[in-house]
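This report concerns only the one structure given below.
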Amino acid sequence: MTFSAPPTASGSADTAAAPEVSLSELAAADGTRLVLRTWPAPAGRQRGTVVIVHGLGEHSGRYEHVAQRLRSWGFAVVAYDHRGHGRSPGPRGALQTADDLLHDLAAVIDAARARHAGPLVLLGHSMGGLIAARFVAGAVRPVDLLVLSSPALNVGLSAFNRGLLRVSLALTPNLAVSNGLDARYVSRDPAVVSRYLADPLNHGKVTARLVRFIVDGGQYVRERARQWQVPTLLMWAGQDRLVLPAGSADFAELAPRDLVQCQCFPQMYHELFNEPDQDEVFNVLHQWLDQRLPAAAD
Numbered sequence: 264m265t266f267s268a269p270p271t272a273s274g275s276a277d278t279a280a281a282p283e284v285s286l287s288e289l290a291a292a293d294g295t296r297l298v299l300r301t302w303p304a305p306a307g308r309q310r311g312t313v314v315i316v317h318g319l320g321e322h323s324g325r326y327e328h329v330a331q332r333l334r335s336w337g338f339a340v341v342a343y344d345h346r347g348h349g350r351s352p353g354p355r356g357a358l359q360t361a362d363d364l365l366h367d368l369a370a371v372i373d374a375a376r377a378r379h380a381g382p383l384v385l386l387g388h389s390m391g392g393l394i395a396a397r398f399v400a401g402a403v404r405p406v407d408l409l410v411l412s413s414p415a416l417n418v419g420l421s422a423f424n425r426g427l428l429r430v431s432l433a434l435t436p437n438l439a440v441s442n443g444l445d446a447r448y449v450s451r452d453p454a455v456v457s458r459y460l461a462d463p464l465n466h467g468k469v470t471a472r473l474v475r476f477i478v479d480g481g482q483y484v485r486e487r488a489r490q491w492q493v494p495t496l497l498m499w500a501g502q503d504r505l506v507l508p509a510g511s512a513d514f515a516e517l518a519p520r521d522l523v524q525c526q527c528f529p530q531m532y533h534e535l536f537n538e539p540d541q542d543e544v545f546n547v548l549h550q551w552l553d554q555r556l557p558a559a560a561d
């Protein structure tokens, strides 16, 4: 179904959308209409499809520059706004059931495979990295390759806050409160931080049910690190203050080294693809993809 986008609010990352991107809607399992962005591969050059899974409080329009890099390497790209995020409907930061985000990703992957040929690469950032890793750990759908950028495998919830979470889940599971993320630590680039704060499609909300999914999902993934079966590129920021770098480091220590390539960027902040030296990150990603999905000769 074609999606007719409403007028873009001033300041949104949507305003810079390239003409190659198309907007559409996809019905999730419960009927929620998820907003998708699709960037086709260059004609005659498709190596596969990358599905991008964004983080908490943001939206898929912020990955335009990532999609354009991937297109230049021969990939089609599909990204979507989580329910309660960006242009997708629903209370901000809320879930109806604990598995909503996994079911939504399954619907997106099914649609991507139906439309695009070749291998499928799942790329998740922050909460999106957690969703992607949890999706793979639970074998919800087969994927060929997995890329994790600063995944929220450990958010450092204290014992006190875990107690508060249990109470909130019992009394007000979908009451939206501040997510507590400090935008100053999104990137070392002040322009990125300014755009993040000014973007009307971003929000600062989270609910107890979503926090529970994040906490439980991180534990689920870490417990299955030794049995990991999907080739994975795991990248994290050494100066991350939004998720604990130790979550990625602990997973890396346990995961099979022949399947999981790990790269820590010691001086970087949380959003690796939005750092001043982002080219270093893109180069690692490009080389890793080339090793596993060689490009056809021109």
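Following my numbering, the numbering of the sequence shown begins with 264 at its first residue and continues without gaps. Beta carbons are placed, not taken as given, at the ideal position from N, Cα and C, and that holds for glycine.
Within 7 Å, strictly: CB atoms of residue i and residue j
i, j, result
"LEU474", "TYR459", "Residue 474 is actually Val in this sequence, not Leu. It is not a contact, given that the beta carbons lie outside the stated cut-off."
"THR470", "GLY356", "yes"
"ARG507", "ASN417", "Position check: residue 507 holds Leu in this sequence, whereas Arg was assumed. Yes, Cβ-Cβ distance for LEU507 and ASN417 is below 7 Å."
"ALA369", "MET390", "no"
"GLY401", "VAL316", "no"
"SER412", "LEU552", "no"
"GLN502", "TYR483", "no"
"LEU385", "VAL406", "yes"
"ARG487", "ASN437", "no"
"VAL399", "VAL493", "yes"
"ALA375", "THR295", "no"
"ASP452", "PRO539", "yes"
"GLY467", "GLY353", "no"
Cut-off 6 Å between Cβ atoms - residues of its own chain near residue i, not counting five sequence neighbours on either side
i, result
"ARG334", "TRP302"
"ARG489", "LEU517"
"GLN526", "MET498, VAL547"
"GLU543", "none"
Distance cut-off 6 Å: residue i Cβ against heavy atoms of the ligand ADP
i, result
"ALA439", "With respect to small molecules bound, the structure shown includes none, and the ligand ADP cannot be examined in it."
Residue i - partner residues in DSSP beta bridges
i, result
"GLN492", "GLN492 is not bridged to any residue."
"LEU497", "LEU411, CYS525"
"LEU289", "LEU297"
"HIS388", "SER412"
"TYR343", "LEU299, VAL316"
"LEU464", "Its beta-bridge partners do not exist; DSSP assigns none."
Own chain partners of residue i with C-beta closer than 8 Å, once the 5 adjacent residues on each side are dropped
i, result
"LEU364", "HIS345, ARG346, LEU358, ILE394, PHE476"
"GLY307", "none"
"VAL371", "LEU289, LEU297, LEU299, VAL314, VAL341, TYR343"
Presumed contact (8 Å Cβ cut-off) between residue i and residue j, rounded CB distance
i, j, result
"ASN537", "VAL478", "About 25 Å separates the two Cβ atoms, so there is no contact after all."
"ARG581", "PHE545", "Residue 581 cannot be examined here, being either before or after the span of the chain that is shown, 264 to 561."
"HIS366", "ALA291", "6 Å"
Chain-order list of residues whose beta-carbon lies under 7 Å from that of residue i (same chain, five-residue window excluded)
i, result
"GLY318", "HIS388, SER389, MET390, GLY391"
"MET264", "In this predicted model, MET264 has a pLDDT of only 32, less than 50, meaning its place in the structure is not dependable; the value taken from the coordinates is given anyway. Cβ within range, chain order: SER287, GLU288."
"GLN339", "The amino acid at residue 339 is misidentified as Gln; the sequence shows Ala. The residues are TRP302, PRO303, ALA304, GLN309, THR312, HIS379."
If you pair each beta-carbon of the segment 320-329 with each one of the segment 392-399, do three or more pairs fall below 8 Å? Not touching, per the Cβ criterion.
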